[in-house]
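Notes to accompany the following structure.
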Amino acid sequence: GLPARVRIHEVGARDGLQNEKTTVPTDVKAEFVRRLADAGLTTIEATSFVHPKWVPQLADAEQLFPLVSDLDVALPVLVPNERGLDRALALGARRVAVFASATESFAKANLNRTVDEALAMFEPVVARARAQDVHVRGYLSMCFGDPWEGAVPVAQVVRVCRALLDLGCHELSLGDTIGVATPGHVRALLTALNEQGVPTDALGVHFHDTYGQALSNTLAALQHGVTTVDASAGGLGGCPYAKSATGNLATEDLVWMLRGLGIDTGVDLGRLVATSEWMAARLGRPSPSRTVRALGTT
Ligand code: HMG
Ligand code: MG
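Residue numbering for the sequence shown follows the UniProt record's numbering, starting at 11 and increasing by one per position.
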């Protein structure tokens, strides 16, 4: 069976923009977030409180967050460490996300830490967030393949998932950072997680479309009972610290499929496509989303 409703975790303003070379003005980012909310998205990842040298595009997090924090939607932000948490809490953030890696290579490239050092860095972040009733998402990158290490063993992924839940994360997002997953691999990982005591309702999925598998993988996850799906408006994005990471699953492509399946998301597809076309014009290149191209007017 399939779920009756899916919650889309919109990452366009964070994962989508973090890799853009040209700095997007803060007011354009704010308008992007507001338009996404207006299109019916209810969870909109706004920005990251990371080191500005590591992700220069999101160096304006302090300026951006207050421009959108009045919106009546969940606005999670990424925080790698206590410094990031302090910055986010100072602005009133009520949802944060830490981001771990299933592989040593990516932990080093993305966080300058080993996998276990990164988990140790997150421990006080999660504890302090929880003590203030702040919701914590735990991302886990490279759950299927890694550009340096190749295929990632399921047991390695399960171990870090367990560790993130043991730290106190409320939900996890399983990242296929470089888009190499296929539906059979998705089923195998979800089944292994269940067998190790990780319930499906704690899991979201985060697919990238490098090999054109993102929707197939999403369908496999939905059939397994997953109801939280990450997507990026217009298919923007990629990770600056992962070679060969291309666009995220486009929110429009996801909504098109879910609508066809009779699954409710609350998203107005016309408004969302218009938003992605507007953003594509600001970025100076067309959206890679097939649905945006099919339904768009430009
Ligand atoms: P580091 O160089 O090891 O930092 O970087 P450090 O802890 O040694 O600190 C060095 C200096 O940075 C200190 O300043 C700190 O205060 C400062 P100094 O004392 O030298 O003047 N600093 C900060 N400043 C502002 N905000 C902060 C902060 N932290 C330290 N939060 C660090 C470690 C974690 C900071 C760095 O590696 C980093 O910022 N990494 C972020 C990388 C990133 O954002 N990647 C993209 C997100 S992950 C992703 O996209 C994948 C995902 O989409 C899922 C998927 O697809 O797989 C989520
Ligand atoms: Mg990503």
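A virtual CB, placed ideally from N, CA and C, is assigned to each residue, including glycine. Since the model is a prediction, treat every value here as computed from it, not as a measurement.
Item, Value
"Residue 16 in three-state terms, based on DSSP", "coil"
"Residue 141 versus 178, 205, 285 and 276, residue with shortest Cα-Cα distance", "178"
"Whole-Å CB distance - residue 227 paired with residue 186, under 8 Å assumed", "7 Å"
"Nearest candidate by alpha-carbon position, reference residue 112, set 102, 123 and 103", "123"
"Nearest-angstrom Cβ-Cβ length linking residue 264 and residue 239, presumed shorter than 8 Å", "6 Å"
"Near the ligand HMG: residue 210 beta-carbon under 6 Å from a heavy atom", "no"
"Beta strand (DSSP E) runs wholly inside the stretch 89 to 168, at least 3 long, in chain order", "105 to 111 and 145 to 151"
"The ligand HMG heavy atom lying under 6 Å from the CB of residue 64", "yes"
"Nearest-angstrom beta carbon gap, residue 83 and residue 51 [assumed within contact, 8 Å]", "7 Å"
"Selection from 117, 69 and 40 that minimises the alpha carbon distance to residue 94", "69"
"Cross-strand partners of residue 216 (DSSP beta bridge)", "185 and 240"
"Bounding residues of the alpha helix (DSSP H) (the contiguous stretch that carries residue 288)", "279 to 293"
"According to DSSP, residues forming a beta bridge with residue 84", "53"
"Any non-hydrogen atom of the ligand MG closer than 6 Å to residue 126 Cβ", "no"
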